[in-house]
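Written below as structure tokens is the structure these notes are about.
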Amino acid sequence: MKSNEIMRKGIRNLLAALVMMLPVTVCAEPSGQAMAFTCAGCHGTDGSSVGPSMPAIAGMDPEVFVDAMKAYRKDQRNSTIMNRIAKAYSDEQFTEMAWFFASQRLQLFPQDYDPLLAARGMELHDEYCEKCHENGGRPGDAGTLAGQWMPYLHYTMDDFINGKRKWPRKMKRKVDAAIEEAGGDAIPALVNYYGSQQ
Amino acid sequence: MTEMKRRTFLRATAGTVALGTLSMPSLVLGAPRRVVVVGGGVGGCTAAKYLRKLDPSIAVTLIESQPAYTSCFMSNEVLSGDRTLESLTFGYDGLRRRGVKVIQGTATGIDPEKRQVHMAAGNSVGYDACVVSPGVGFKWEAIEGYDEQVADETVPHAWYAGPQTQLLRSQIESMPEGGHVIIVAPPNPFKCPPGPYERASQIAMYCKHHRPRAKITILDAKDAFSKQGLYIEGWRKLYGYGTEDSMIQWISAAEGGAVEELDPSTLTLVGLVEDFQGDVVNIIPPQKAGAIAFAADLVDGDWCPVDKRTFESSRHKDIYVLGDASSASAMPKSAYAANSQAKVTAAAIVARFRGQEPGDPTFVNTCYSIVGEDFGISVAAVYGFDSHTNTITPIPGSGGISPTNASAEIRKREVSYAHSWFKNVINDMME
Chain L
1 MKSNEIMRKG IRNLLAALVM MLPVTVCAEP SGQAMAFTCA GCHGTDGSSV
51 GPSMPAIAGM DPEVFVDAMK AYRKDQRNST IMNRIAKAYS DEQFTEMAWF
101 FASQRLQLFP QDYDPLLAAR GMELHDEYCE KCHENGGRPG DAGTLAGQWM
151 PYLHYTMDDF INGKRKWPRK MKRKVDAAIE EAGGDAIPAL VNYYGSQQ
Chain H
199 MTEMKRRTFL RATAGTVALG TLSMPSLVLG APRRVVVVGG GVGGCTAAKY
249 LRKLDPSIAV TLIESQPAYT SCFMSNEVLS GDRTLESLTF GYDGLRRRGV
299 KVIQGTATGI DPEKRQVHMA AGNSVGYDAC VVSPGVGFKW EAIEGYDEQV
349 ADETVPHAWY AGPQTQLLRS QIESMPEGGH VIIVAPPNPF KCPPGPYERA
399 SQIAMYCKHH RPRAKITILD AKDAFSKQGL YIEGWRKLYG YGTEDSMIQW
449 ISAAEGGAVE ELDPSTLTLV GLVEDFQGDV VNIIPPQKAG AIAFAADLVD
499 GDWCPVDKRT FESSRHKDIY VLGDASSASA MPKSAYAANS QAKVTAAAIV
549 ARFRGQEPGD PTFVNTCYSI VGEDFGISVA AVYGFDSHTN TITPIPGSGG
599 ISPTNASAEI RKREVSYAHS WFKNVINDMM E
């Protein structure tokens, strides 16, 4: 386990403890919890989506959450519905929701995957993705991949490859290299690998 | 801002975030607080689950007349044959596992002074707070010749999913080639505003393959409907709408779509301008709050006025009215709206049990419709609360419907998200 992960877990536990102790404050506007509860109808109770395509957001790094919401609000990230929803919230409200979801434990649900593709995907992941998506893509500094719903991962990769979403630094080069190595199997293999982590 | 600085900033702000009401349980000394929830639909189930989630010391009892819940949302897919009724039916064991006591029975009245719910069986159930989420009832007197018996036997409303959904499906399957289906759409407000038009779409989706010369006519009591532009875009693309061969025809109230009378023996509908005769007729009657809302004196007119901060009844203290039966300002009568309202109410009840003021509420609605194969559309809204006017209003600049003329890929994704929405709403209310 890497040191930043230990730190993150520590902070998360501390936060969870604080949540239990906090007295209820008189709110001038809705609490982070109240806002986060409204997401559950699509993203699952406390952010653990039961699928098959809406992504889980429990345990998500707060920074990744806030960046994603800001990109949706500015129509800079391809979406069906999130751009319409994100426009309702301020930066502060994004941060409050981010901390709510960061302090939730991600609950994973089994999904069907191809074991051969998943095995190939593991090799590709270790080679090209693990450096940023640590621990097989478990919740961390980059978006959650491990156990994420596979249709959502496919949509996301389609958007990157079709120029509908801006590549994070270095990612395009790594994905190109994976495709160079495994051809048309590269993306399905990676998606099946992440889907296999249950 | 550099990455490190940004992270430090985010973490520094964390301590100031008030994450709500997860503090001391309300049970400190004495008997547990009791909440009785009347109605095991989206509003009632979600309230029961979140009350237990927010404060496990609260004794929650759910009263529901049916042994299982059958969702009306997604039930139009039964009409196209894409889904079975069983796939929409869910038992209450998930709530039982969360410690909710589920009583199968019918509530017949509420005594707000003694704080008791009266049951058809003759007994009463006492409460400290009562949540009423009865859904809609029908104005049977609105269309002459249409009543509960006709609906059960020949002209289903199928606006609660169940045997009538199955009846409508089998009527469509057994109609002749070139058959005529008529859907009578109700006036506002009613449960599931895009529902009648999704229904026409799902029936067309079936007919396109199995009865290609069939016609579907929507007789409407209104001159406009939910997601209208998107439906018409889909109908043009998929069912020839706007051409002479269009499978779907929509007749607005202004064009004579309002229906006054049914002759069940000939399946003839009497309109203001002309009569319409169908091989299959589906009447979705005008609506009002469910029966218990009237029995318990919770209505003003057809619906239940509430304090929008908590959804507490404006008529009786300690009774909260959720979902379709409530007057919820700009919010539609939808599953997601009821789910969202129920969490506001659960948090408000928990706060009050602890002697605290409920926080400011926030609400969301999202609703998907499946117009045909790979053609999904949605509407979304985020709502704020104005305490001065006691209204719920959409946050300016947010929400709205799917873009018109979106790519085929986006329309296809919205079908996938529609099914995912269904699974997550069900899970969030019942598991």
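Protein chains in written order, with our numbering: chain L, 1 to 198; chain H, 199 to 629. Even glycine gets a Cβ: it sits at the ideal position worked out from N, Cα and C.
Beta-carbon gap between residue i and residue j smaller than 8 Å
i	j	result
H/ALA491	H/VAL330	yes
H/ILE341	H/LEU277	no
H/VAL240	H/ASN625	no
H/ILE606	H/ASP572	Residue 606 of chain H is actually Ala in this sequence, not Ile. Yes, they are a contact pair.
H/ALA359	H/LEU283	yes
H/ILE301	H/ILE256	no
Option in the options with minimal Cα separation from residue i
i	options	result
L/ARG29	H/PRO594, H/TRP357, H/PRO556 and H/ASN563	With the sequence shown as reference, residue 29 of chain L is identified as Glu, and Arg is not the correct amino acid for it. Ranking the options by Cα distance to L/GLU29, first place goes to H/PRO556.
L/ALA36	H/PRO394, H/VAL562, H/SER463 and H/VAL504	H/VAL562
L/HIS43	L/ILE81, L/LYS74, L/LYS70 and L/SER31	L/ILE81
H/VAL298	H/VAL233, H/LEU283, H/TRP338 and H/GLN347	H/VAL233
L/LEU116	L/GLY32, L/GLY41 and L/ALA186	L/ALA186
H/ALA494	H/ARG611, H/THR441 and H/CYS328	H/CYS328
L/HIS133	L/PRO151, L/PRO168 and L/ALA102	L/PRO168
H/GLY242	H/GLY582, H/LYS541 and H/CYS502	H/LYS541
H/GLU163	H/ALA412, H/LEU366, H/ASP350 and H/LEU249	Outside the displayed range of chain H (199 to 629) lies residue 163 of chain H, so it cannot be described from this structure.
H/TYR325	H/GLY582, H/GLU311, H/LYS610 and H/TYR404	H/GLU311
L/ARG120	L/ILE85, L/GLN76, L/ALA178 and L/GLN33	L/ALA178
L/MET60	L/GLN107, L/VAL50 and L/ILE85	L/GLN107
Residue i (DSSP reduced to helix, strand or coil)
i	result
H/ILE453	Per the sequence shown, residue 453 of chain H should be read as Glu rather than Ile. It is coil, neither helix nor strand.
H/GLU510	strand
L/GLN76	coil
H/GLY469	strand
H/GLN405	The sequence given here has Cys at residue 405 of chain H, not Gln. Helix, per DSSP.
H/HIS617	helix
L/MET82	helix
H/SER368	helix
H/SER576	strand
L/HIS125	helix
H/GLN362	helix
H/ALA533	helix
L/VAL191	helix
H/ARG552	coil
H/TRP501	strand
L/ASP176	helix
H/ASN480	strand
H/GLY289	strand
H/ALA257	strand
L/GLN33	helix
H/LYS435	helix
L/HIS43	helix
H/LEU460	strand
Residue-chain proximity (residue i, chain L), Cβ-Cβ < 8 Å
i	result
H/HIS316	no
H/ILE608	yes
H/PRO559	yes
H/THR564	yes
H/SER273	no
H/TYR429	no
H/ARG611	yes
H/ALA327	no
H/HIS617	yes
H/ASN537	yes
H/ALA545	yes
H/ILE590	no
H/ILE321	Correcting the residue identity first, residue 321 of chain H is Asn in this sequence and not Ile. False, the Cβ-Cβ gap to chain L never drops below 8 Å.
H/LYS621	yes
Chain H within 8 Å of residue i, Cβ atoms only
i	result
L/GLY143	no
L/GLY136	no
L/GLY44	yes
L/LYS87	yes
L/TYR113	no
L/ILE81	yes
L/THR38	yes
L/ALA34	yes
L/TYR238	As shown, chain L starts at 1 and ends at 198. That puts residue 238 of chain L outside it, with no answer to give.
L/ARG173	no
L/PRO110	no
Is the segment 389 to 403 of chain H in contact with the segment 420 to 436 of chain H, if contact means three or more CB pairs nearer than 8 Å?
-> Yes, the segment 389 to 403 of chain H is in contact with the segment 420 to 436 of chain H.
So does the segment 558 to 572 of chain H actually touch the segment 58 to 72 of chain L, counting three or more Cβ pairs closer than 8 Å?
-> These segments do not touch.
Using 8 Å as the Cβ pair cut-off and three pairs as the minimum, do the segment 371 to 383 of chain H and the segment 473 to 482 of chain H touch?
-> Contact between the segment 371 to 383 of chain H and the segment 473 to 482 of chain H is present, with at least three C-beta pairs closer than 8 Å.
Three or more C-beta pairs below 8 Å linking the segment 451 to 460 of chain H and the segment 338 to 355 of chain H = Yes, the segment 451 to 460 of chain H is in contact with the segment 338 to 355 of chain H.
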